[in-house]
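Notes follow once the structure below has been shown.
Residue numbers (the UniProt record's numbering): 1 to 907.
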């Protein structure tokens, strides 16, 4: 609609005295789609109509009902271009100016019928603040006349229903289909509401009707629950602890308290020591800490020692209130009720002194309740803790043992061998499924009878039985290993079942090899799961199993997995350990995919001295070694075994590993800055080592020269890095480049780079402050000097061979006389002078040809002088044969031209 026409419509509405005068115009405006209105036009009309409503109501009361019906049709049924957020804002602005009750009714009705549309629009805009603060905004405007749908309890209960519906109908099916989904908006919505004090309204429904029912049997729901609980640690987790028990905590948190410092700080420091919670919640947390051996060692024992030290502090006894002191005494009694989990191994003397000092301070107090509690706890601590030799050596008879406080403490300190916790509340108890415990054989009488050892030797008949060696026995595992790749994927996701997880990690490589086609569909999901493990789960050789699974996936599907790993290396939300794992996976995959026989040089052994141990020698190699030792040779010098070069199939795909890693090495992002960052130096060193080893694994490939050139450019930029470890890695990278190209380098740019590198290494040896860098630079300088010398010798011999070939070609094509005829002609001085330049070139190369040339060419006798002599003899022999025995004709002009042509071909 044109600007003039919309202005005309607005003027008609503004000048109208009654609704009936503009009713037809508004109906046409809202329902006629041929007008092609914009959102701005509709916003202007709606704002003006809302502003005119009070006038229309007051001037024509008989039309109020008709006006309301029409406006409901316009705003609720018409496919209007305005969003629900814009409509609500327009109504609130007009209501704030003119408080008409109809605006409240209209606002309530719009939200009642379109709240799903409203929340979907706000979720797309990621506008969490608008959703959370909308009830408070309406309350501040309407004061006492608050719409029912915008009261806190109703509003957030409906919001909880919306979140539950989204999880069930949208996000969970996508997780089953193994497609990416994002629940971050819903998670932030819950935690924002919890911060405002609406935890019970928004979390209770999800916790009671969704997670408590589905998490014990479905690992995907468990992952969702753990994400909602641990993404932001706040009152949502506290509500779960308050309305759950130790079993639910163990289900949702498992051993994550050991790997998430913030969670450990919240549970122990905040809840146990800072907040004075009810004693039942404290019991729940303490029993949860004893449900795993790792938690007992790293959390429960340390918490108990902290309680003892706090109880023994004189300042705490003097300045704490009665309630605070009694709370600490209750916590110590709860810990002592679980005393079979307490095994204090370190600082026993310090703990004994702390306990005795605490008992002394309590006895010296002037308050009766402090002395009474100190005497009871002193007896209980000495009796239960194993640091004292005699548990009954401390007895007090001066306090009232039947006092209500003592009775309550004694009840808390009753032994809890099975670590049973409180039952769930009535409304939650029926939802939680009970796990059936496997029946155990129990003797008829649960009494253990201890017999005293007899002194009679006749009763001891152990000597009649033969002893066996059980050191090599293996325990038969009761966990069934997965047989299919899908079941293996399910076991890898279920991190709460550690035995199944360990079995899945062991069998994963064989299943990938067995089901190559089926595994390709879930290869990325398997890689994502293995890469995102943040715990070892107390599994032996967990890191080796994790790396082996990733390498097997990358080796089987190199293009798919390498593209994913290289992209994830520079993505956010990854730790340094995870990025290091990506580099190890790429490096090991390149080693396995490379089919080249490596040339074992001295520098190669130095580079790979820290790699894995050599495999056991085969029987063929053993027989060959024995034959070499028993074989007698007539000649003094033995032929040197030359490795046979093979085609390296890794060259077809090495670019998918190398170029994505090196392309972003200099880019700085908020989450990763390799070159300029303060904490990523170690990761930069590992990346340079990985790129260097990829070059080594790419030997005998066409792409190698381009890879080495790009890698040398990166290393040249990092030569003057301030960190000594990075400089050490740079030298290591140069060594990898030298090993990868070997002695077959005839590229002028590479030769120039290595000559400049030699000068930089000389400077490093003299000026670098790190001894390890100097040591590696000195070792590498020797190797590069030998390689450059051998390279120059090869170039000289190639030049000699080229001269021999050109002389033969010229003489055969340009001499008309028979080849066996004698010549009386003179040797041309110009050709002879140019040939003598070859001798000068050989003489110049003599000082630089070192011991590294030994063994390169079997024609020499092993000495540098022999290499020069052999080349000179070969050249002069051909020259004599070409100029003396088959001399060129000098009298004719054509011979002179031919001689010039030969000179041009030679030089």
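Just so you know, even glycine gets a beta-carbon here, dropped at the ideal spot from N, CA and C.
Note that the structure is predicted; figures quoted are calculated from it, not measured.
DSSP three-state assignment for residue i, whether helix, strand or coil
i: residue 142; result: helix
i: residue 17; result: coil
i: residue 480; result: coil
i: residue 275; result: coil
i: residue 233; result: coil
i: residue 94; result: helix
i: residue 133; result: helix
i: residue 503; result: helix
i: residue 497; result: coil
i: residue 541; result: coil
i: residue 521; result: helix
i: residue 100; result: coil
i: residue 720; result: coil
i: residue 699; result: coil
i: residue 291; result: coil
i: residue 914; result: Given that the chain is displayed from residue 1 to residue 907, the structure contains no residue 914 and the question cannot be resolved.
i: residue 601; result: Residue confidence for residue 601 is low, a pLDDT of 41 falling below 50, so the modelled location carries little weight; the figure read from the coordinates is stated next. It is coil, neither helix nor strand.
i: residue 177; result: coil
Residue environment, residue i, which counts as buried when at least 16 other CB atoms sit within 10 Å
i: residue 549; result: buried
i: residue 620; result: exposed
i: residue 183; result: buried
i: residue 319; result: exposed
i: residue 227; result: exposed
i: residue 623; result: exposed
i: residue 579; result: buried
i: residue 170; result: exposed
i: residue 963; result: Residue 963 falls outside the range modelled here, since the chain spans only 1 to 907, and no answer is possible.
Beta-carbon gap between residue i and residue j smaller than 7 Å
i: residue 685; j: residue 725; result: yes
i: residue 698; j: residue 655; result: no
i: residue 479; j: residue 503; result: yes
i: residue 283; j: residue 339; result: no
i: residue 415; j: residue 365; result: no
i: residue 178; j: residue 525; result: yes
i: residue 732; j: residue 757; result: no
i: residue 266; j: residue 233; result: yes
i: residue 303; j: residue 268; result: yes
i: residue 236; j: residue 194; result: yes
i: residue 413; j: residue 363; result: no
i: residue 294; j: residue 258; result: yes
i: residue 206; j: residue 165; result: no
i: residue 118; j: residue 84; result: yes
i: residue 533; j: residue 664; result: no
i: residue 122; j: residue 131; result: yes
Bridge-paired residues (DSSP) for residue i
i: residue 673; result: 668
Pairwise C-alpha distance: residue j and residue i
i: residue 145; j: residue 95; result: 12 Å
i: residue 402; j: residue 375; result: 13 Å
i: residue 586; j: residue 331; result: 51 Å
i: residue 835; j: residue 584; result: Here the model assigns residue 835 a pLDDT of 48, short of 50, so the residue's position is not dependable, and the following value carries that caveat. Cα-Cα distance, rounded: 55 Å.
i: residue 42; j: residue 22; result: 16 Å
i: residue 519; j: residue 485; result: 7 Å
i: residue 240; j: residue 155; result: 21 Å
i: residue 751; j: residue 695; result: 17 Å
i: residue 514; j: residue 529; result: 20 Å
i: residue 25; j: residue 82; result: 19 Å
i: residue 400; j: residue 370; result: 13 Å
i: residue 322; j: residue 358; result: 17 Å
i: residue 763; j: residue 668; result: 30 Å
i: residue 777; j: residue 765; result: 6 Å
i: residue 742; j: residue 666; result: 28 Å
i: residue 361; j: residue 314; result: 7 Å
i: residue 722; j: residue 768; result: 11 Å
i: residue 681; j: residue 538; result: 29 Å
i: residue 712; j: residue 753; result: 8 Å
i: residue 173; j: residue 140; result: 40 Å
i: residue 660; j: residue 564; result: 10 Å
Minimum Cβ-Cβ distance from residue i to chain C less than 7 Å
i: residue 565; result: Although the question refers to chain C, the structure presented lacks it and comprises just one protein chain.
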